[in-house]
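In our numbering, the protein residues as written are 7 to 247. Have a look at the structure below, then the notes.
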């Protein structure tokens, strides 16, 4: 099940304008170049921002996401015909042989069920060609990012073309490590509708992730810092030998 911020058609349609700064993707674009990737699997592609950036560079991209509303938004963007869009997740992929598989932003942490996490790692491994890489990020639990998730620090009003003003904020619901649950609220000025979206992230320790990767046959090639959030996240580079 996708969270409503991705799965509700009205919320999926405003996801990009509410989060327009995607400089976090720059590091992934550089890694696609570093690994000379010609075929990429974008796991949890959402509204297709990263997949389309890759396609703009002539890369063959498969974007997969369980939220049909987000896939619909992606399909409506210019150049979307260059990407193969799949509604689903990495636990049941069609036969692929890609150079690079990615899980950007919160995708890896949003896979909270341990069994689904293991199946996702297996699915990505099977989709990679020998020598291909899986790259994803996850927040360092020691930095306690959830302490910043308050209405006071997040509330903003965004003017969106064709939609009007949308007020949005996040509130922490529960911290029961390794799980953290929070709620986004959206108020549409045009008609007063209030929508909410609850999300849960799993904060895994670095050692746990490395163990999981090795157990599925990966070689952990590197664990890097996130350039846009230094000291706050781990960026895992795992290779299919």
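We put the beta carbon where it would ideally sit given N, CA and C, even for glycine.
Notebook entry, point to check: Thinking C-beta only, is residue 141 closer than 9 Å to residue 241?
Noted result: Residue 141 sits close to residue 241, with the two beta carbons spaced by under 9 Å.
- Item | Nearest-angstrom Cβ-Cβ length linking residue 80 and residue 64, presumed shorter than 8 Å | Not confirmed; about 19 Å, so no contact.
* **Exposure of residue 183, with buried meaning 16 or more beta-carbon neighbours within 10 Å** => So residue 183 ends up on the exposed side.
Find the nearest neighbour of residue 11 within the set 223, 116 and 208, judged by alpha-carbon distance.
Of the candidates 223, 116 and 208, 116 places its Cα closest to the Cα of residue 11.
Quick one: is residue 220 buried, meaning 16 or more other Cβ sit within 10 Å of its Cβ, or exposed? Residue 220 comes out exposed.
**Message:** What does the alpha-carbon distance come out to for the pair residue 4 and residue 161?
**Reply:** The structure shown does not extend to residue 4, since the chain spans only 7 to 247, so no value can be given for it.
Extent of the continuous beta strand (DSSP E) run through residue 37 = No beta strand (DSSP E) holds residue 37; the alpha helix (DSSP H) holding it covers 32-40.
| CA-to-CA distance, residue 16 to residue 226, given in whole angstroms | Rounded to whole angstroms, residue 226 and residue 16 show a C-alpha spacing of 40 Å.
_Pairs of beta-carbons, one from the stretch 49-56 and one from the stretch 188-206, closer than 8 Å: are there three or more?_
They do not touch, by the three-pair rule.
(message) My assumption, with CB atoms under 8 Å, is that residue 178 sits in contact with residue 155. Please give the rounded CB distance.
(response) Sure, about 5 Å apart at Cβ, within 8 Å.
(Q) Under DSSP, the beta strand (DSSP E) around residue 217 begins and ends at which residues? (A) Premise fails: residue 217 lies in the alpha helix (DSSP H), 212-221, not in any beta strand (DSSP E).
Check your understanding: So what does DSSP say about residue 227, is it helix, strand or coil?
Key -> Looking at residue 227 - three-state DSSP - the assignment turns out to be strand.
*Kindly give me the distance between the Cβ atoms of residue 171 and residue 181, rounded to whole angstroms, as I take these residues to be in contact under 8 Å.*
Contact between residue 171 and residue 181 does not hold, since the beta-carbon distance rounds to 31 Å and is not under 8 Å.
Q.
Among the candidates 246, 28 and 218, whose CA atom is the shortest distance from the CA of residue 125?
A. The residue among 246, 28 and 218 with its C-alpha nearest the C-alpha of residue 125 is 218.
Let me confirm a value: residue 60 is counted as buried when at least 16 other C-beta atoms fall within 10 Å, else exposed. Which label applies? Within a 10 Å sphere around the beta-carbon of residue 60 sit 16 or more other beta-carbons, which makes this residue buried.
Residue 174 burial status per 10 Å Cβ neighbour count (16 or more: buried)
With 16 or more Cβ atoms within 10 Å of its Cβ, residue 174 is classed as buried.
Original post:
Which stretch, first to last residue, makes up the alpha helix (DSSP H) that contains residue 77?
Top reply: Annotation for residue 77: the continuous alpha helix (DSSP H) segment containing it runs 74-81.
Residue 126 (DSSP reduced to helix, strand or coil):
For residue 126, the secondary structure class from DSSP, reduced to helix, strand or coil, is helix.
Next item on the list: May I have the straight-line CA-CA distance separating residue 55 from residue 237, to the nearest angstrom?
Entry: If you take the alpha carbons of residue 55 and residue 237, they lie about 25 Å apart.
For this session: Work out the CA separation of residue 104 and residue 43 for me, nearest whole Å.
Result: Going by the C-alpha atoms only, they are around 8 Å apart.
Rounded to the nearest angstrom, what separates residue 100 and residue 90 at their Cα positions? When only Cα atoms are considered, residue 100 and residue 90 end up about 12 Å apart.
Just mark residue 29 as buried or exposed, buried being the case when its beta carbon has 16 or more other beta carbons within 10 Å. Under this definition residue 29 is an exposed residue.
Q.
Assuming the contact rule is C-beta atoms closer than 8 Å, residue 84 and residue 8 should be a hit. Round their C-beta distance to whole Å, please.
A. About 24 Å separates the CB atoms of residue 84 and residue 8; that is not less than 8 Å, and the two are not in contact.
**Request:** Round the Cβ separation of residue 106 and residue 138 to the nearest angstrom and send it over; I've been treating them as touching at under 8 Å.
**Result:** Yes, residue 106 and residue 138 are in contact; Cβ-Cβ is about 6 Å, under 8 Å.
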